[in-house]
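The structure appears below as structure tokens.
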Amino acid sequence: MGPIGMLVIQRTLSKGRWPAFFTGIGAAFSDLVYCLLTGFCLSFITGFIEAHRLVIQIVGSAVLAAFGLYLIRKKPKAAPRDFVSAPSDYWSDTVTGFLLTFSNPLILFFIIGLFARFTLIMPEFAVYHYFIAFVSILVGAIAWWYFVTLLVSRLQKRMTVRTLRFINRTIGLLLIIMAAGGIAVAISELLI
Numbered sequence: 000m001g002p003i004g005m006l007v008i009q010r011t012l013s014k015g016r017w018p019a020f021f022t023g024i025g026a027a028f029s030d031l032v033y034c035l036l037t038g039f040c041l042s043f044i045t046g047f048i049e050a051h052r053l054v055i056q057i058v059g060s061a062v063l064a065a066f067g068l069y070l071i072r073k074k075p076k077a078a079p080r081d082f083v084s085a086p087s088d089y090w091s092d093t094v095t096g097f098l099l100t101f102s103n104p105l106i107l108f109f110i111i112g113l114f115a116r117f118t119l120i121m122p123e124f125a126v127y128h129y130f131i132a133f134v135s136i137l138v139g140a141i142a143w144w145y146f147v148t149l150l151v152s153r154l155q156k157r158m159t160v161r162t163l164r165f166i167n168r169t170i171g172l173l174l175i176i177m178a179a180g181g182i183a184v185a186i187s188e189l190l191i
């Protein structure tokens, strides 16, 4: 589980299952965008990301660190139970999931590896083959977030305010550590 997985778990416990699920949907659409970019613009996108990798890594890491700090400082108001969230919140949850996932360009290299492993780019493939592949990726990602939020929401009845505060701080600290690692790697490469 990467940063977005930890965010979805934290949101399931603090805001409820559906806001977390919509965060996952945002992440799924970000993955789809990266898949489309990989499938149709592989050489251009790879060149652009490689040329600007350090800047993208520093900015993405800074966003991750800021969100980790926010989680550490956030104080849960009540033990996670049954949450009712306004539908207008779902849009912001989806956008947050999309932007946090999209700010991590390392996913592109993972997707390129998957494309190579499963030979998704072949000259003999027709447009409908790609359509089926991309829809399958999106449906698979959405199903993943559905089951993650279902599992965490089933376990939330056992959570207390103290447990939620511990989870927030732990996830926040892990995000900051990941961000610090990303920034350190980018700076070390700039100095070399």
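Once you know that position 183 of the sequence shown is 182 in numbering that gives the first Met the number 0, the rest is easy, because the numbers rise by one and skip nothing.
Just so you know, even glycine gets a beta-carbon here, dropped at the ideal spot from N, CA and C.
query                                                                                                                                 : result
Residue 23 (DSSP reduced to helix, strand or coil)                                                                                    : helix
Per-residue DSSP class, three states only, for residue 85                                                                             : Residue placement at residue 85 is flagged as unreliable, the pLDDT there being 49, under the threshold of 50; the coordinate-derived value follows with that caveat. Residue 85 falls in the coil class under three-state DSSP.
Closest residue to residue 12 among 167, 68 and 184 (Cα-Cα distance)                                                                  : 167
Cβ shell of residue 23 (< 8 Å), same chain only, five flanking positions each side left out                                           : 3, 7, 96, 140, 141, 143, 144, 145, 147 and 148
Helix, strand or coil at residue 104 according to DSSP, with G and I counted as helix                                                 : coil
Anticipated Cβ contact below 8 Å, residue 170 with residue 9, distance rounded                                                        : 5 Å
Neighbourhood of residue 56 by C-beta, 6 Å cutoff - its chain only, sequence neighbours within 5 removed                              : 181 and 185
Close-in-space but distant-in-sequence residues of the same chain around residue 18 (CB under 7 Å, 5 per side omitted)                : 10, 84, 88, 89 and 92
N-terminal and C-terminal residue of the alpha helix (DSSP H) that residue 51 is part of                                              : From DSSP, residue 51 is part of no alpha helix (DSSP H); its letter is neither H nor E.
Status (buried if at least 16 other CB within 10 Å, exposed otherwise) for residue 26                                                 : buried
Endpoints, alpha helix (DSSP H) assigned at residue 159                                                                               : Taken as a continuous stretch (DSSP letters only), residue 159 belongs to no alpha helix (DSSP H), as it is neither H nor E.
Residue 127 versus residue 134 - alpha carbon distance                                                                                : 10 Å
For residue 188, the three-state DSSP class (helix, strand or coil)                                                                   : helix
Supposed contact pair residue 172 and residue 71 - C-beta distance, whole angstroms, cut 8 Å                                          : 7 Å
Three-state secondary structure (DSSP) of residue 124                                                                                 : coil
Span separating the alpha-carbon of residue 190 from that of residue 63                                                               : 23 Å
Contacts around residue 52, its chain only, beta-carbon distance under 6 Å, and the 5 residues preceding and following it disregarded : none
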